[in-house]
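In the UniProt record's numbering, the protein residues as written are 1 to 387.
No residue lacks a Cβ here, since even glycine has one placed at the ideal position from N, Cα and C.
Keep in mind that this is a model prediction, so the values were computed, not measured.
Structure, as structure tokens:
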Amino acid sequence: MSSIEVSRLISSWTESPNWLPSMIVGVTINATASSTISVDPSPCLPPIWPASIWWSVQKIRTVSAFTRQQPWYPDAPHANLSPCSGTVCEGLAAMTASSPRTRLIGFVCIVASATGFGAMPIFAKLAYAEGVDLPSMLFLRFALAGLLMAVVMTARAMPWPRGSNLLALVAMGGIGYLGESFCYFAALQYATAGLTALLLYLYPAIVTVLTAILARRRLTLLRLLSVAAALFGTGLAVGGSLEGSVLGILFGVAAALIYSVYILVGERVAPVAGAMPSATVIMLSAATVYGLIVLWRGPAFPDSPLAWAAVGGIALLSTVVAIITFFAGMARLGAADAATLSTLEPVVTVVLAAIFLGEAIGGWQIAGGAIILTAVIVLARSGEATQ
């Protein structure tokens with residue numbers, strides 16, 4: 001490829017007519033077939049945050065592997081409306097992954113996501129204590145979160161995903177969440193909680209390997225060691241007996257595999273559809289499935305202010321914030337690093353359980369948390385070395 005002319009008219013970057021009007025971004029690059037376009041984006045915020053300009057081209061340079069396919073995720077609320085060539089757009093995004101500033105933003109997003117997901121068991125225990133059963137809690141979780149996000153999208157006139165992206169997101173919510181949760185809770189019936197949790201957290205290793213195979217990315221020693229350390233630390237952090245039948249192990253591994261596929265599909269779809277639209281469709285799809293289950297079993301909704309507060313915390317912090325920030329962070333770090341950094345979740349759970357539920361923290365849990373934090377810090381500071 002000798003000369004690449006990229007000239008785009010980017011209009012309607014904003015959500016309302018009184019914001020800054022359209023802008024023209026022109027890029028002219030002379031590159032060989034082994035080079036790609038590189039940009040540093042403006043700070044990445046989910047589309048729910050107002051901003052007059054969502055991303056700007058600050059630096060343009062060439063790096064290796066122009067034709068390598070990468071997900072495109074400009075920080076624009078109308079990213080999915082762009083008719084831009086997939087290869088060129090993916091080349092633009094590929095460069096953003098190597099920016100230390102972009103990786104830092106992605107790291108903060110994943111930490112926020114892990115905090116939200118890690119707090120969910122605390123909210124769930126409070127809800128269970130008030131008589132809320134699992135299907136009803138999951139229905140309310142996704143229904144409240146989905147309705148909230150749908151209202152925000154409607155108020156801001158944000159476009160909904162369409163076509164194959166919409167179908168993929170519906171499957172992620174209606175099949176992915178249902179399959180993962182079914183396998184996880186089935187595993188709990190045939191294996192101890194410690195073994196079940198450890199098997200579920202195989203997903204960072206699975207995502208890392210599948211990403212290397214599907215995207216033909218080289219597995220660096222640093223990434224492999226970080227994944228192994230995070231898995232080992234998780235085993236120490238969850239603690240407890242690691243006993244279970246073959247059926248329990250199979251269900252646990254199945255839960256990890258389903259969640260890994262969920263992450264990899266999300267890595268491809270969410271950058272095109274946008275973090276908020278993707279999360280909204282996933283939540284509403286999951287709410288529909290769990291709503292049917294509740295109708296079949298009979299509801300057990302909250303009947304006290306504390307129970308509603310717990311369910312509200314699950315819907316807002318452990319669903320809306322957690323899912324949106326995960327997609328936003330994954331778009332900047334990639335699926336493999338985002339999955340590995342998400343092993344902070346059990347650390348957050350252990351700490352919050354000690355603070356709010358009075359559960360004791362043992363020496364092995366402290367050691368496991370320290371190992372996970374070390375792996376996370378190594379990945380966060382690795383910068384371009386992990387790309």
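Run through DSSP, which three-state label would residue i get?
i, result
"ALA215", "coil"
"GLY358", "coil"
"THR14", "Residue confidence for THR14 is low, a pLDDT of 36 falling below 50, so the modelled location carries little weight; the figure read from the coordinates is stated next. It is coil, neither helix nor strand."
"ALA157", "coil"
"ALA331", "helix"
"ALA191", "strand"
"GLY244", "strand"
"PRO302", "coil"
"VAL376", "helix"
"LEU202", "coil"
"SER181", "helix"
"VAL152", "helix"
Distance, Cα to Cα, residue i vs residue j?
i, j, result
"PHE185", "ALA205", "21 Å"
"VAL351", "GLU345", "10 Å"
"MET153", "TRP160", "8 Å"
"ALA150", "ALA187", "34 Å"
"LEU138", "TYR290", "7 Å"
"LEU219", "ALA370", "24 Å"
"VAL297", "ALA145", "Reading off the sequence shown, one finds Arg at residue 297, where the question assumed Val. Distance between the alpha carbons of ARG297 and ALA145 is about 22 Å."
"GLY106", "PRO299", "39 Å"
"SER260", "VAL207", "6 Å"
"GLY239", "MET158", "44 Å"
"ALA360", "ALA353", "8 Å"
"ILE293", "SER99", "45 Å"
"THR343", "ARG332", "17 Å"
Alpha carbons only, please: which of the options is nearest the one belonging to residue i?
i, options, result
"THR211", "VAL265, LEU195 and LEU188", "VAL265"
"ILE377", "ASP337, GLY358, PHE356 and ALA353", "ASP337"
"ALA339", "LEU231, ILE293, THR288 and ILE366", "LEU231"
"ALA335", "LEU295, ILE263 and ASP303", "ILE263"
"ALA215", "ALA307, THR374, ARG268 and GLN365", "ARG268"
"ALA237", "LEU317, VAL170, PHE356 and THR349", "THR349"
"ALA286", "LEU202, PRO135 and GLY363", "PRO135"
"GLY131", "LEU379, PRO302 and ALA275", "PRO302"
"ILE366", "LEU167, GLY233 and PHE142", "GLY233"
"ALA119", "ALA315, GLY174 and THR288", "ALA315"
"residue 412", "LEU247, LEU379 and GLY235", "Outside the displayed range of the chain (1 to 387) lies residue 412, so it cannot be described from this structure."
Does residue i pass the burial test, meaning 16 or more other C-beta atoms within 10 Å, or should it be called exposed?
i, result
"PRO277", "buried"
"SER304", "exposed"
"SER318", "buried"
"ILE372", "buried"
"PHE251", "buried"
"ILE323", "buried"
"ARG162", "exposed"
With a threshold of 8 Å between beta-carbons, can residue i be considered close to chain D, or not?
i, result
"LEU188", "Protein chains in the displayed structure number just one, and chain D is not present."
Could you tell me whether the segment 316 to 329 touches the segment 113 to 133, using the rule of 3 or more Cβ pairs below 8 Å? Result yes; three or more Cβ-Cβ pairs closer than 8 Å.
Count the CB pairs spanning the segment 270 to 283 and the segment 218 to 236 that are closer than 8 Å, and state whether there are at least three. The segment 270 to 283 vs the segment 218 to 236: no contact.
Could you check whether the segment 236 to 251 touches the segment 192 to 204, counting it as contact only if at least three pairs of C-beta atoms, one from each stretch, sit closer than 8 Å? Yes: at least three Cβ pairs fall under 8 Å.
On the three-pair Cβ rule with 8 Å, is the segment 309 to 318 touching the segment 118 to 126? In this structure the segment 309 to 318 lies against the segment 118 to 126, because at least three pairs of beta carbons, one per stretch, are closer than 8 Å.
For the segment 249 to 268 against the segment 165 to 185, are there 3 or more C-beta pairs whose distance is under 8 Å? Yes, they touch.
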